[in-house]
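Residue numbers (our numbering), protein chains in the order written: chain A, -14 to 339; chain B, 20 to 490; chain C, 2 to 291. Down below is the structure, laid out as C-alpha cells.
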Amino acid sequence: MNRTAWKLTETQMREWLQGLVDAGSSVVAPVEEDGLTLFSPIAAAQPAHLEASGKTQWSPKEFLFPRSEALYRYSLKGDTVEIRDPEVAETQQVLFGIRCCDAAGLMRLDEIFLSGTKDPLYAARRAATTVVTAACAAADAECFCTAVGGSPVATEGSDAQLVPLADGWMLRVLTDKGEALVGEASGSWTEAAPDDIARIDGLEKIVTEQITRNPIQREWSRVLEEGFENASWDQLAQHCLGCSICAYVCPSCSCFDMNHEADAWCGEQCRSWDACTFGLFTHHASGHNPRSTRQQRYRQRVLHKFSFAGEGEDHFRCVGCGRCIALCPAGLDIGEIVTAAATAIQEEGADAAR
Amino acid sequence: MSNVATNAVPRTGAAAVPDGWQPHIVALVCNWCSYAGADMAGTTRLQYPANVRMVRFPCTGRMSPLMILRAFEQGADGVLVSGCHPGDCHYVQGNLVARRRFTIFRSLLDFLGVDLRRLHFAWVSAAEGHKWAKVVSQVTASVSEVGPLPRFSSADAWDGLDMPAVEGTGPGELSVADLEALQTNVRRAAAELLTTDRVQKVVGYRAGSMSGRMVPVMVTTAADTSQLEWGDGCVNNLAAFATTALETAANVALVVKTCDLGAVTGLIREGQIDRDRVRLIGVQCPGVLHGDELADKCRSCSGAPHPICDLVVTVDGVRESCAEPDEGSAATEDARDAQIAHLETLPPDERWQFWQRQFGRCLRCYACRAACPLCYCSSCISEKHRPQWIPTAIDNRGNGAWNVIRAIHLAGRCSGCDECARACPANIRLDLINRKLALEVERQYGSAGLDPNQKTALIDFRMEDAEEFIL
Amino acid sequence: MQLAEISPNPYHPNLMRIAGFADETRDVRTLKLQFIDAAEASEFGGWQPGQFGQFTVFGAGESVFAIANKPWHPNGSGEPPTIECTFRAIGKVTTALRAMSEGQTIGFRGPYGNHFPLDDWKGKSLVFIGGGIGMAALRSAMLAAIDRKTEFGDIVILNGARTVADMVYKDEMPSWQEVEGVRVVRTVDPGGEGEGWDGEVGLLPNVFEQLALDPANRIVIACGPPVMLHYLFLSLGKTGYQPDQVVTTLENKMKCGIGHCGRCYVGPFSVCKDGPVVTWAELNELPKDY
C-alpha cells in the first residue's frame, strides 16, 4: 500500500513530537546526560537530541526488555503462599528517533520473546509501542550495518521513518501504527515529492561508502560453526576482560537471569539482564562449567551472533551497530574477529591447533 | 513502656514525613561489650527510645561495611555500630581494624550523599548501661531530625551539576618523531628481553581497529615485537593481564605507564604475582586520551617513566633501572581534587541526587571490575548468592550497593589508574569515588605507595588511630 | 491493567504441597508433591517421560529437576496427579528445599522439554544406564517401560553409584525386577562396596561391557555425570552401538525453561525447548559445549 511521505521542517517535527508527548504517550527519545546521548522518556520535545547522524550510547531495547522487572511477586503467610502477577502498563509508548540498526535489533528480540511461548510482558509492551526510526546521514567510525546485510535507511521494524535532509526531514509512513501516530498532525505538512524520495537511495550510498569494514560473508556462518575447535578462537579473544558491555549495549542481545529478590516474608521473581560473557552463566551447581574460559565464552557470543541460526532464520543476529567495538574496554572488534576466525578456519582446516 | 521518639520535620526538603513516622534504626553490636551494655540498660530499667533493632556480632571486627550498607539498603533510616573500647576488645584487635574500616566507610557514605546524622559509631562497654541508653537516645533523635531515608531513585528532572574544570596540561607535547622513537625503543626493549630469554612473553599494546586506539597484545617472539605500538591510545592498564600471562610463561614483561605501577605493586603486595617473574618496561608517556581529550588523570602527570621499572624507555633509548621504591610516599596531586572538594561543599541530599543519577545509569556490566587489575577475586561478592549480598536487580538500589561495595573493597588499595571510569559505558564518575577514598586514607593513615612490602591502610591499625566521630 | 486479563503468565508457578518424601541418600531426596489449588490441578495436562519442571523454593529461587514418576495424563477421573522429583542438595535452592518439611508449599512450572520416545522403541530391547543421580532423569521412562513391558524386548536397568550409600532408589529396585524380563544390575565404583554388598563392583562403562548385551535391536538410554557419559559412549562405540541407538538427556543449567533466557544453548540447540532428550547422533552434530 502506498502511504504518503511527508516533508517536515525541524519546527514541524518538534511540534509533532510535542503533540505526541501532550497526548499522554510515553515518548522515548535521545537526550543528553553527563556527556552521553541516551534514550529516555521525555517531558517535552525541545530536549530531544535528534540529529542527522550519531548513535546513542546503548540501544533502546530496555524500553521493551527492561534491565530488571518482576515476573511475579509473592508473600508468605504461614504455610501458604500468595502469588501476584505483575501489572501491565496501559500507556502507549513511542520510540522516537531510534536508528535503523536499533529497529532491526528489536526485530531480533521479537524472534526470541514472541516465538514459542510468548513472553506476555514483552508482548504487551511491544503491542503498545510505535517505532519512529531516524535514518542516518553519516556513519559512526564503528558502524558496519551494511557489512551484515543492514542499511542506514532500512525500514525493518519501523512504523514510520524520519530521513534527514539538508533542509529538514522527510517522514515515511510505513504501517498502520505509523499512520495512527501521524494522525491529524500532517494537516499542515507538505507531501514529499518523488525527487525527495529518490534522495533516500543517494543517502544510503553515501553512508554505505563511509563504512569501510569488509562484508561478513553469509557462508562464514557455516565456516565458523565447523571451526568450533580451531585454535584461533583462543588467540583472537586473548585480551577479553570478561565484562558484559558488549551484550548490554547490543540491540539484539536478550539473555537474562531470574532470581528471587526476597526477605523473610515476601519477594519477587526478578528477571534481569545477564550475558553469556560472564563466568557463571553456564556454571552448574556441581562445579562443571562447559565454558570455563573467557575465550570459550567469547566464541559463544560470536557464534550466537553470526552462526547457530534457528530454523527459518536467514540473517545474522548482529545488526552491525558497532557499539560493542566502540565501548569494549579491551578493544575487541567482533567484525575483525569474525573475519580473522573464518579466514583461519578456511586456511588451516576446521580443527587445526597451532 | 518506651519513650517513643517524636517526629521532626526533616530539613532536607524531601517529601513530607508521613504521619506517625518512626525511624527504623538497626544497631550492629558486639556481643562482649555493647550487647552486654544494652542488656545492663535493660536490667537497670533505663528508659530509652524503642526504635533500635539489634544484630549481635562476635566483634566489631566482623562488622563488614557490607552489613552496614545492607541495613540501609533494606530500608533502615539509621544505623548504629557499637563495640568494645579500643584496648578492651575481646579478640584483642578486632575493633582496632574495624575502626579504620568504619572511618573510611563513613567518609564514603558521606561522599555519596548519606546524611551522617543517620550513621553513628560508639564504644559502649558491658558496664556502660547508662551510656547505651544515652547513645540510643542521641542516635534516635539524630535520625528523627533528618527524616526517612531518601528513596533510591533518580529524580525525574535533572539539570546536571556544574563541576569545576579539571586543570593541568599533563605531559609536554611529544613530537611525531619523539613518539616514533619511543615506539622503536619499546620494541627494542621487548625484543631484548625475549631474545635473552629474560622473559618468554611480553604484554604490550598493538594497533586496534578504531583509529588511534591501541589494544593489549601478548607477544612471545622477537619478530612479533614489530606489532608493538606506543602512543596516546595506550589506555589499558596491562597489569590486568599479568596473572593470566604468567599462567603460560615462566617470566613476563609488562609495558607500563607510570599510572599502571600502583596496580602492579598491589598485585605483588597481595601475593597475586611474583616480582621475580615480572619485568617492567616503563615508558615515557604522552598522556592518554579519553574520547578526544587528554584523560583527567594525566593532567597532573609529567609522563616520565618510573625508575622502579626494570627497563626505562625514553626518547633517547632504553636503560636498565630497577631502583628501590621510595619509603612511604609523598601525597600525589590530582587534577580532579577540585571536583571532589566541590561535591563536598554541597548539602548531603544534593550529593545524594548526583550519585543516584549516576548509579541509575549503571548497567551492572561489571566492566569496572573487569578492567581493574586489583579486582581479581575468583568469586566476586556480587556473585555470592548464599546469601545474595548485592541485589541482582539492576536498579538504583542494587547498583548503589554494588558500587559502594566495590569502592570500599578498593579503599587503600586502589592505585588511581582510572581504568574503571574509562571502561564504564555509563560515564559514572568512579574515578571521583576512588580518588576520594584514596585522599581519605592518605589523610588518616598515609598510603602504601609503590613499596610492595608496605601494608595497605585497611589491613593495619595503630592504637592512636583517630576516632573523633565515635561516641 | 492486570496481566491475567491479557495472557497467562508462563512464569507463574503452580503451588504444590510437599505430601511426603523419601531420603535416597544423605543428600538426595525424592519429593512427592500435590497441587494445592484445585483449579490449577484441573488445568494440568500431565507429562511425558523425560520432561522436566522448574521447582520453586520461595525466597531461594528455582531449580530444574526431571519429573521422576510415571507419566500421567488427565484421564477423566478428576484425580490430580502426584508429581515426584529427585534432587541432590548441592546449591542454594536445593539446600533450602532439603530443609523443608511435609506440608510446606513450593512451586512447580512445567512440564518442559521433549520426551523419551517410548512409542518409537516398541519391539526393541532397552537398557537404562544411570550414574548416580542420573537415575532420576531416567526413572519416569523406566517406570513407563516396565508398565508397558509387553511392548518391548528385555529391559536391563544398570544403576551405578560411587558408593553403596550414594545409590539412589535402593528400596524400589526389587520391585522393578518383579516384572518378568526386567533385570536390574547394581554397581558401585571400586572401593565403594562396603560390607554385605551383593551387587557388582566396577565403573559403569566396564560393568556395562561385561554384560555383553547384543546391540542388535537395542536402545541405550543413559544419564549421568559428563565424564561417565564420555567413557560410556566410547564403550558403546567399541561394542557396536550406532549413535542413533543411544539416547541421553542433557543437564544444562536452565532458568526460564521456555527458550528465552539464552542460558541453555548448545550451539543452535536450546536444551529446554529442543531437548533435553537427545540421541548420541544429534549430540555429534552439536559443538562440545555442554
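Here a beta-carbon is modelled for each residue, glycine too, at the ideal position from N, C-alpha and C.
- When C-beta atoms of the stretch 438 to 455 of chain B are compared with those of the stretch 322 to 330 of chain B, fewer than three pairs fall below 8 Å, so the two segments do not count as touching.
- In this structure, B:G435 lies away from B:T475, with their beta-carbon atoms at least 7 Å apart.
- In the DSSP assignment, B:V283 falls within the alpha helix (DSSP H) that extends over 280 to 288.
- Among the residues facing chain A, C:I91 is included, as its CB has a counterpart in that chain under 7 Å away.
- With respect to chain A, the C-beta atom of C:K125 has no partner C-beta closer than 7 Å.
- Collapsing the DSSP output to three states places A:H224 in coil.
- Distance between B:L456 and B:A426, taken at the CA atoms: about 8 Å.
- Of the other Cβ atoms in all chains shown, 16 or more fall within 10 Å of the Cβ of A:V73; this residue is therefore buried.
- Taken in chain order, the complete beta strand (DSSP E) segments of 3 or more residues contained in the stretch 187 to 256 of chain B are 220 to 226, 233 to 238.
- For the beta strand (DSSP E) assignment, the uninterrupted runs of no fewer than 3 residues enclosed by the stretch 95 to 164 of chain B are, from N- to C-terminal side, 97 to 102, 138 to 142.
- DSSP places C:T164 outside any beta strand (DSSP E), giving it a letter other than H or E.
- In chain order, W218 place their CB closer than 6 Å to the CB of A:R284, counting only its own chain and leaving out the 5 sequence neighbours on each side.
- Under a 10 Å Cβ-count criterion, B:V111 is classified as exposed, with fewer than 16 other Cβ atoms of the shown protein chains found around its own Cβ.
- C:M17 is bridged by DSSP to C:F36, C:I107.
- In this structure, B:F121 sits near B:F140, with a CB-CB distance shorter than 7 Å.
- At least 7 Å separates the CB of C:C224 from every CB of chain A.
- Per DSSP, reduced to three states, the secondary structure at B:N446 is coil, with no helix or strand assignment.
- Beta-bridge analysis with DSSP links A:E246 to A:E253.
- Under the Cβ distance rule, A:Y283 does not count among the residues neighbouring chain C, no pair being separated by less than 7 Å.
- At least one beta carbon of chain B lies nearer than 7 Å to the beta carbon of A:L21.
- Per the coordinates, the alpha-carbon of B:D58 lies some 14 Å from the alpha-carbon of B:F76.
- Contact annotation: C:V278 and C:G51 have beta-carbon atoms nearer than 7 Å.
- Annotation: B:D134 to B:V165 spans about 8 Å, alpha carbon to alpha carbon.
- Residue pairing by DSSP places B:C399 opposite no residue, since no beta bridge is assigned to it.
- By the rule that beta-carbons nearer than 7 Å mark a contact, A:G334 does not touch chain C.
- When the Cα atoms are used, A:K46 and A:M243 turn out to be separated by approximately 18 Å.
- Ranked by Cα distance from A:D259, the first of C:M2, C:G276, C:R264, C:K274 is C:R264.
- Around the CB of A:T197, fewer than 16 other CB atoms lie within 10 Å, so the residue is classed as exposed.
- Under the DSSP definition of a beta bridge, A:P26 partners with A:V13.
- When secondary structure is reduced to three states using DSSP, C:S64 falls in the strand class.
- Check the Cα spacing between C:E196 and each of C:A166, C:Q246, C:Q178, C:T57: the tightest is with C:A166.
- Cβ-Cβ separation between A:A124 and A:P137: approximately 7 Å, consistent with a contact (criterion under 8 Å).
- Cβ contact annotation for B:Y54 (same chain, cutoff 6 Å, sequence separation greater than five): V48, R75, in chain order.
- By the beta-carbon neighbour count (other beta carbons within 10 angstroms, threshold 16), A:E36 is exposed.
- Think of a sphere of 7 Å around the beta carbon of A:P105: the chain C residues whose beta carbon falls inside it are L4, I7, S8, N10, in chain order.
- The Cβ neighbour count for A:F50, taken over all protein chains shown within 10 Å, is at least 16; the residue is labelled buried.
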